[in-house]
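> One structure is given below, represented as structure tokens, and several questions about it will come after.
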Amino acid sequence: EEAGGDSQTDDQNESASEENVDTEYSSSDATYTIEAGIGLNSEHPQYKGLLEFKNIVEEATDGDIYVETYHSSQLGDDRQMMEALQLGSQEVTIPSTAPITNFVEEYAVFDFPFLFPNDEVAMEVLNGEVGDQLLDALEDQEMVGLAYWENGFRDLSNSDRPVETAEDFEGLTVRTMENEIHLDAFSELGANPTPMAFGELFTAMQQGTVDGQENPLATIYLESFYEVQDYYSDTNHVYSPFVFLMSKQFFDGLPDDYQEIVADAAQEAGEYQIEENRAANAELLDALIEEGVEYSEVTDEAREEMAEIVQPVIDEHAEDLGTDFVDEVYEAIEEAEAS
Ligand code: KDG
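Numbering (my numbering), first residue to last: 172 to 510.
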């Protein structure tokens, strides 16, 4: 089967199809084929999670659903892949919530800096009422949200200077995701935010179009950003969930028992992905330093100062999103913290 997408190079095509023949099932024997693509590369725990999804689904259907996996934006960037899901020309993608805000605005609440105290609380809120409500809202956008996976707390890397305090952001050109809150927050800190698709980021850093970027440690290390970045700061400024998205058109066309299989598989593979991802985020600091990156430890005081500076951005966006909804999220966080 031809793998679509103009952005694919022959090289990427080849490696993707090599990975795909490497199972006991094949697309030609299957009734349904799921083309699943992500922006991150094949080293990332997100891709391991996707392979786990593939294994579970193919086994449970004895190969009647075949899953073709693509990484490194081979099928396009987050926005293009979500549009392909809407059209029914791609079946699965797993973006961070930040670019989903261009489809379901309320997801923006997760882009509020310093919202969650830790990943356990975040996951409890996502798997509760608030998270469910937002998954339901995806249906109007011709997408079905099957599970929350985890990207993790985002940190800053750059090639210009050690960043320890809010003042250090001044004049730094930072790639952000395509998301209003990220843009406003980095502007408020005095940085020059440049929104860009993930697939363009490495080259942009290499060519000096941007000084830096922000992503969880696992991404910074596993995408070899240390080749083009000299400084890393554990700002932990935003917790990024992933959402496992399926084309609604495709999902609705599946028989009931297959719908249940793909939904359960997205959950189960997600548990594995989250475990792998947390391990990667917890373990990779030494490896990053080993690659020659200077680590700046950000103190709680410095984080509090950053939080104070960006508070007006939060207040403004909270009003746009509706204070009732935002209060509901804050209450869910408090509840999760207490439990
Ligand atoms: O596979 C997920 C990526 O496409 C993207 O969502 C990762 O957080 C991300 C970013 O910085 O774009």
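Backbone N, C-alpha and C define an ideal beta-carbon position, used for all residues, glycine too.
Which runs of the beta strand (DSSP E) at least 3 residues long sit entirely within the stretch 317-351? Give them in chain order.
Whole beta strand (DSSP E) segments, 3+ residues: 344-347.
> Mind pulling the beta strand (DSSP E) runs of 3 or more residues that sit fully within the stretch 186-235?
Counting only runs of 3 or more, we get 203-208.
> When every heavy atom of the ligand KDG is checked, does at least one fall within less than 7 angstroms of the C-beta of P121?
Residue 121 lies beyond the range of the chain shown here (172 to 510); nothing can be said about it.
> Roughly how many whole angstroms lie between the Cα atoms of M477 and L286?
For the purposes of this step, residue 477 is taken as the residue at position 306 of the sequence shown. For the purposes of this step, residue 286 is taken as the residue at position 115 of the sequence shown. Distance between the alpha carbons of M477 and L286 is about 13 angstroms.
> Which partner residues of E465 appear in the DSSP bridge assignment?
Along the sequence shown, read from residue 1 onward, the residue named residue 465 stands at position 294. According to DSSP, which records beta bridges pairwise, E465 is partnered with Y402.
> Between the Cα of V464 and the Cα atoms of G383, E313 and P270, which residue gives the shortest distance?
By one-based count along the sequence shown, residue 464 stands at place 293. Ranking G383, E313 and P270 by Cα distance to V464 puts G383 first.
> Three Cβ pairs or more, each shorter than 8 angstroms: is that satisfied between the stretch 240-249 and the stretch 208-223?
Touching, yes, given that three or more Cβ pairs across the two stretches are closer than 8 angstroms.
> In the structure shown, what three-state DSSP assignment does L372 receive?
To locate residue 372, count along the sequence shown from 1; it is residue 201. Helix, per DSSP.
> Looking only at its own chain, which residues have a Cβ that is under 6 angstroms from the Cβ of E313, when we skip the five neighbours before and after it?
Numbered from 1 along the sequence shown, position 142 holds the residue referred to as residue 313. Contacts found: Q257 and K419.
> Which residues in the same chain have their Cβ closer than 6 angstroms to the Cβ of N363, if we skip the five residues on either side of it in sequence?
For the purposes of this step, residue 363 is taken as residue 192 along the sequence shown, with counting starting at 1. T344.
> Determine the extent of the alpha helix (DSSP H) in which E475 is found, giving its start and end residues.
As a first step, residue 475 is located in the sequence shown; it is residue number 304 there, counting from the start. Segment D471 to L492, the alpha helix (DSSP H) holding E475.
> Using the beta-carbon count (16 or more within 10 Å), is E341 buried or exposed?
Counting from one through the sequence shown, the residue named residue 341 turns up at place 170. Counting Cβ neighbours within 10 Å, E341 comes out exposed, since fewer than 16 surround it.
> Please confirm whether any heavy atom of the ligand KDG lies closer than 7 angstroms to the CB of M348.
Here residue 348 refers to the residue found at position 177 when the sequence shown is read from its first residue. Within the cutoff, so yes.
> Verify whether the separation of the beta carbon atoms of T406 and L327 is less than 8 angstroms.
The sequence position of residue 406 within the sequence shown is 235, counting from 1. The sequence position of residue 327 within the sequence shown is 156, counting from 1. Against a cut-off of 8 angstroms, the Cβ pair of L327 and T406 comes out as a contact.
> Whole angstroms is fine: what's the gap from F274's alpha carbon to S404's?
For the purposes of this step, residue 274 is taken as residue 103 along the sequence shown, with counting starting at 1. For the purposes of this step, residue 404 is taken as residue 233 along the sequence shown, with counting starting at 1. Cα to Cα, the separation comes out at about 31 angstroms.
> Which residue comes first and which comes last in the alpha helix (DSSP H) that contains P270?
Taking the first residue of the sequence shown as 1, we reach residue 270 at position 99. Taken as a continuous stretch (DSSP letters only), the alpha helix (DSSP H) holding P270 covers T268 to I271.
> Tell me the DSSP secondary structure of T380 in three-state form.
To locate residue 380, count along the sequence shown from 1; it is residue 209. Coil.
> Check whether the Cβ atoms of V296 and E499 sit closer than 8 angstroms, and answer yes or no.
Counted from its first residue, the sequence shown places residue 296 at position 125. Counted from its first residue, the sequence shown places residue 499 at position 328. No; because the gap between Cβ atoms is not below 8 angstroms, this pair is not in contact.
> For N363, report the span of its beta strand (DSSP E) as first-last.
For the purposes of this step, residue 363 is taken as the residue at position 192 of the sequence shown. N363 to P366 is the span of the beta strand (DSSP E), which, as asked, contains N363.
> Between N452 and the ligand KDG, is the CB less than 7 angstroms from at least one heavy atom?
Along the sequence shown, one-based indexing puts residue 452 at 281. No - the ligand KDG has no heavy atom lying nearer than 7 angstroms to the Cβ of N452.
> Residue range of the alpha helix (DSSP H) that L455 falls in?
Numbered from its first residue, the sequence shown carries residue 455 at position 284. From DSSP, L455 is part of no alpha helix (DSSP H); its letter is neither H nor E.
> Have a look at the DSSP bridge pairing and note the partners of V296.
On the sequence shown, position 125 is the one that residue 296 refers to. V296 pairs with nothing; no bridge assigned.
> Roughly how many whole angstroms lie between the Cα atoms of N322 and S411?
Taking the sequence shown and counting its residues from 1, the one referred to as residue 322 is at position 151. Taking the sequence shown and counting its residues from 1, the one referred to as residue 411 is at position 240. Each residue's Cα considered, the two are about 5 angstroms apart.
> When the distance is taken between beta carbons, is K219 closer than 8 angstroms to E394?
Within the sequence shown, the letter at position 223 stands for residue 394. Within the sequence shown, the letter at position 48 stands for residue 219. In this structure, K219 does not lie closer than 8 angstroms to E394 by Cβ.
> Count the other CB atoms, across all protein chains shown, that sit within 10 Å of the CB of E502; report buried if there are 16 or more and exposed otherwise.
Numbered from its first residue, the sequence shown carries residue 502 at position 331. Flag for E502 reads exposed.
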